[in-house]
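Student:
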Amino acid sequence: MQIKKIHISNFGKLHEMQMDFSEGLNVINGENGWGKSTLAAFLKAMLYGMDVTTKRSLLENERRRYKPWQGGAYGGSMEFEANGKSYRMERFFGTKEREDKFALYDLATGLPSTDYSEHLGEELFHIDRAAWERTCYLGQLNLGVAVNDSLNARLTHVEEESGDMQNYEQAVRLLEDRMKYFRKTGNRGQIAKLRDDQRAVREDQMILMNRMKELENERTAHIEQKRQEQFAHEKTEQLEKTGRKLQERNIQKNEQEQYLQLKQRADATEAVLQKANVALAQYETVPADETLLDLLRNQIYELRTTIEKREAAAQQKERSEASVRSQQEVLEECQELVAGRKQGLAGAFGTAAAGAVFVLLSKTVANAEIFSSEKASMLAGAATLVFGALLIIGSFLKALRETGKWGKQGRELHKVKVALENYEEQAEQDAEVYEELDQTMKELRHRLTETFQTSEDATPEELEACWQQERKRSQEYQQLKAECESRRNASRDAKEICQSYLNDHPKAAEPLPEMEFISQEELERRLQQNREAEKAIQQETGRIESRIRMLEEETVRLPELEEQDAALTAQIEDAVRTCDRLEQTLGFLETAKNQLLSRYLDRLKEGTEDYLSELVPEWEPSVAMDVNLKMKVQQEGSLRDTECFSTGWQDLFRLAERFALVDAICDADQPTVVLDDPFVNLDPKKYKNARKILEKLGEKRQLIYFSCRE
1 MQIKKIHISN
11 FGKLHEMQMD
21 FSEGLNVING
31 ENGWGKSTLA
41 AFLKAMLYGM
51 DVTTKRSLLE
61 NERRRYKPWQ
71 GGAYGGSMEF
81 EANGKSYRME
91 RFFGTKERED
101 KFALYDLATG
111 LPSTDYSEHL
121 GEELFHIDRA
131 AWERTCYLGQ
141 LNLGVAVNDS
151 LNARLTHVEE
161 ESGDMQNYEQ
171 AVRLLEDRMK
181 YFRKTGNRGQ
191 IAKLRDDQRA
201 VREDQMILMN
211 RMKELENERT
221 AHIEQKRQEQ
231 FAHEKTEQLE
241 KTGRKLQERN
251 IQKNEQEQYL
261 QLKQRADATE
271 AVLQKANVAL
281 AQYETVPADE
291 TLLDLLRNQI
301 YELRTTIEKR
311 EAAAQQKERS
321 EASVRSQQEV
331 LEECQELVAG
341 RKQGLAGAFG
351 TAAAGAVFVL
361 LSKTVANAEI
371 FSSEKASMLA
381 GAATLVFGAL
391 LIIGSFLKAL
401 RETGKWGKQG
411 RELHKVKVAL
421 ENYEEQAEQD
431 AEVYEELDQT
441 MKELRHRLTE
451 TFQTSEDATP
461 EELEACWQQE
471 RKRSQEYQQL
481 KAECESRRNA
491 SRDAKEICQS
501 YLNDHPKAAE
511 PLPEMEFISQ
521 EELERRLQQN
531 REAEKAIQQE
541 TGRIESRIRM
551 LEEETVRLPE
561 LEEQDAALTA
571 QIEDAVRTCD
581 RLEQTLGFLE
591 TAKNQLLSRY
601 LDRLKEGTED
611 YLSELVPEWE
621 PSVAMDVNLK
631 MKVQQEGSLR
641 DTECFSTGWQ
651 DLFRLAERFA
661 LVDAICDADQ
671 PTVVLDDPFV
681 NLDPKKYKNA
691 RKILEKLGEK
701 RQLIYFSCRE
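Take the sequence shown: its position 56, counting from 1, is numbered 56 in the UniProt record's numbering, and each next residue is one higher.
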């Protein structure tokens, strides 16, 4: 393979740059900062592309490090020859690998070619990017040699054989990665993780076992709390019951007091009634009522009138009897006059007749009720009677004087007799009237005296006084009777009210229940205190129940943790067995690799010593090399690490080893070797010898050497 030409569109600080290359050694000189390392990185990028990494350091992240300073298309093209054909390859890079673009053209036809893919370096040199960097790319800071599976396959010339040899390093890496998965340094890895998980599970088990003990303690405490809560609740109920009883007792007490007041009122009303009844019972006889009193008053008035009429009738009777006697005397005188005297008889009889008329008139006046008093009536009657009698006598005498005839005297005498008969009849009538009035008076007096309990000879005035007294007594009696009736009604109403209240409040008549004396305030204080205590107990119970639920939720995982512990134990045992098998397998692979790599160690060792002799002709010590291409220098009887020498000698050792390694892998396919000023630490003599080696190597392959030396 030979690079013919490159074109850089934009790569780092390089911009629109074109360069041709020839066979053999191509030396490119430039000052520091010219872009030699950038150009070397461009060649590597054209062959192998650019790694993708998330590292932020520009030294470790080439995609960011060589991003064009001026922007624009990131990449370029390269013309090369391989296997007798000429190609032009284009690569442009993006921020991410999926944004990269690759194109290959056959220069003979100008058409796209599929002879090679974007893995151009691996397909041309049969080594990967890392192996090419460790062999054919010599930088200032990276001259060391390290072996990977691609380099091993190339050194042993078995890269076309079984895939196991091609991928030894990958297999080892996979085995190591797998082993690291199970077991890492610092007590890491899956086994450590499983053990940590098991430890955590067992710690969780221990915690949950402690939680189980806590749960049992909490359950015991919960039972005690429930007992205390029940006790507090019962005490609260008892206090509330006592409060209700106290309230009921107070209500009953108030009812009793109210009932007692009503009963006392009823008893007082009854006592007043009994007192009134006693006063009423003191009346041996019931006083007359107003009707009877009015009747008695009329009877007294009638008695007074009857007495007056009786006295008038008695006087009239006496007058009538006197008139009869007088008339009899007149008749006797008339008879005597008739017998002895005949003269003037007629005139006398006429006058006598007139006198008789006056006598009758006096009777009428005496019986009339036109006079306002008994005395006036009696005086008028007496005067009329006397005047009549005198008139009769005078008239009779005159008649006797005036007449002289017998016949006429006889008639006059007859008139006197008639008048006498009339007087006698009137006297009888007056006597009857008197008797009737006397009987009426006796009857009235009897009834009144019997009523008023007085003597039979009580006067109307005395009876009037008795009537006034009886009337007063009757009024007092009626008033007392009305008062008794009112008291009776009041007593009945009071008893009914009392009984009605008792019917509505039957406990008012019952005795108050016996209770411990406690004030309402003290009861309320105790009740409030107990309620607060009960509330605190309930809160504590709630906290314990919440704690129990939480512990139950936690401890319910205990069987699961036991299963996890058993499963982790099985996983750990399986992981340990697997890791042991992987370690054995890795040991077998390492043994096989060492046996295989030992084939080229002698050749590499001889090549390294030859190049050291060319670089330092006076070189005498020998070198030793292990299968990892770790070189040691034999000096003064012992093998010493190259790090024990100066930087210049270290570069010599590494250059010699690199040149020998290039010879070992480039027998058939000769890859282009890129040297980015690897001789910077060599002195002029050794540098001159190194240039001779490059010229010698350029006879076999293409070398592109970047240097700041002329």
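Every residue, glycine too, gets a C-beta built ideally from N, C-alpha and C.
(1) Using a Cβ-Cβ cut-off of 6 Å (strictly less than) and excluding sequence neighbours within five positions of K696, which residues of its own chain qualify?
(2) Using a Cβ-Cβ cutoff of less than 7 Å, which residues in the same chain neighbour A232 once the five nearest sequence positions on both sides are dropped?
(3) Pull up the distance between the alpha-carbon of L444 and that of D294, whole angstroms please.
(4) How about G76 and H7: are their beta carbons less than 8 Å apart?
(5) If you draw a straight line from the C-alpha of S486 to the C-alpha of K253, how long is it?
(6) Tell me the DSSP secondary structure of N26 in three-state form.
(7) With H, G and I counted as helix, E and B as strand and the rest as coil, what does DSSP make of G76?
(8) If the criterion is Cβ atoms closer than 8 Å, does the pair Q198 and T569 meet it?
(9) Compute the Euclidean distance between the alpha carbons of Q584 and A130, then round it to the nearest angstrom.
(10) With distance defined between alpha-carbon atoms, name the residue in W467, R709, E540, E321 nearest to L292.
(11) Please report the straight-line C-alpha distance between R581 and I191, rounded to a whole angstrom.
(12) In terms of residues, what are the limits of the beta strand (DSSP E) holding S638?
(13) What three-state label does DSSP hand L512 in the structure shown?
(14) Return the first residue and the last residue of the alpha helix (DSSP H) that E216 is part of.
(15) Taking DSSP's pairing of strands, which residues face K101 in a bridge?
(16) According to DSSP, which residues form a beta bridge with P287?
(17) Name the residue from A82, L124, V52 whose alpha carbon lies nearest to the alpha carbon of D100.
(18) Considering only residues of the same chain and omitting the five flanking positions on each side of Y48, which have a CB-CB separation below 6 Å?
(19) Here's a check: name, in chain order, each residue in its chain whose Cβ is nearer than 7 Å to the Cβ of A82, leaving out the five neighbours to either side.
(20) Give me the residue from Q426, Q634, E332, M441 with the minimum Cα distance to E412.
(21) Taking 8 Å as the cut-off, does the stretch 478-497 touch the stretch 272-290 (at least 3 CB pairs, one atom from each stretch)?
(22) For a test of the three-state rule: what should DSSP assign to F706, helix, strand or coil?
(23) Considering only the beta carbon of each residue, do R526 and L239 sit closer than 8 Å?
(24) Spatial neighbours of N681 within its chain, please: CB distance less than 7 Å, with the 5 preceding and 5 following residues excluded, ordered by chain position.
(25) Using only alpha-carbon positions, find the residue among A509, L303, K507, E329 that is nearest to T449.
(26) Could you tell me the alpha carbon to alpha carbon distance between Q316 and K309, rounded to whole angstroms?
(27) By alpha-carbon positions, which one of L601, E590, E657 ends up nearest to D610?
(28) Could you pull out every residue in the same chain whose Cβ sits closer than 8 Å to the Cβ of L523, ignoring the five residues on either side in sequence?
(29) With DSSP run on the structure shown, which of helix, strand or coil describes V330?
(30) Report the option in S323, G33, H15, M17 whose CA atom is closest to the CA atom of D676.
(31) Go through its chain and collect everything with a Cβ distance to C579's Cβ below 7 Å, but skip five positions before and after it.
(32) Is K415 buried or exposed, if buried means 16 or more other CB atoms sit within 10 Å of its CB?
(33) With burial defined as no fewer than 16 other Cβ atoms inside 10 Å of the residue's Cβ, what is the status of C644: buried or exposed?
(34) Excluding the five sequence neighbours on either side, which residues of its own chain have a C-beta within less than 6 Å of the C-beta of V418, listed in chain order?
(35) Counting only the same chain and skipping the five closest in sequence on each side, list residues whose C-beta sits under 8 Å from that of L639.
(36) Does the distance from the C-beta atom of F93 to that of M50 stay below 8 Å?
Tutor: Looking at the atomic coordinates:
(1) none
(2) N530, A533, E534, I537
(3) 14 Å
(4) yes
(5) 32 Å
(6) strand
(7) strand
(8) yes
(9) 28 Å
(10) W467
(11) 14 Å
(12) 638-641
(13) coil
(14) 190-281
(15) F92
(16) Looking at the DSSP assignment, P287 forms no beta bridge with any residue, so it has no partner.
(17) V52
(18) G121, R129
(19) M1, L124
(20) E332
(21) yes
(22) strand
(23) yes
(24) T647, G648, D651
(25) L303
(26) 10 Å
(27) E657
(28) L239, T242, G243, L246
(29) helix
(30) G33
(31) M179, F182, R183, I191
(32) buried
(33) exposed
(34) none
(35) A624, K632, V633
(36) yes
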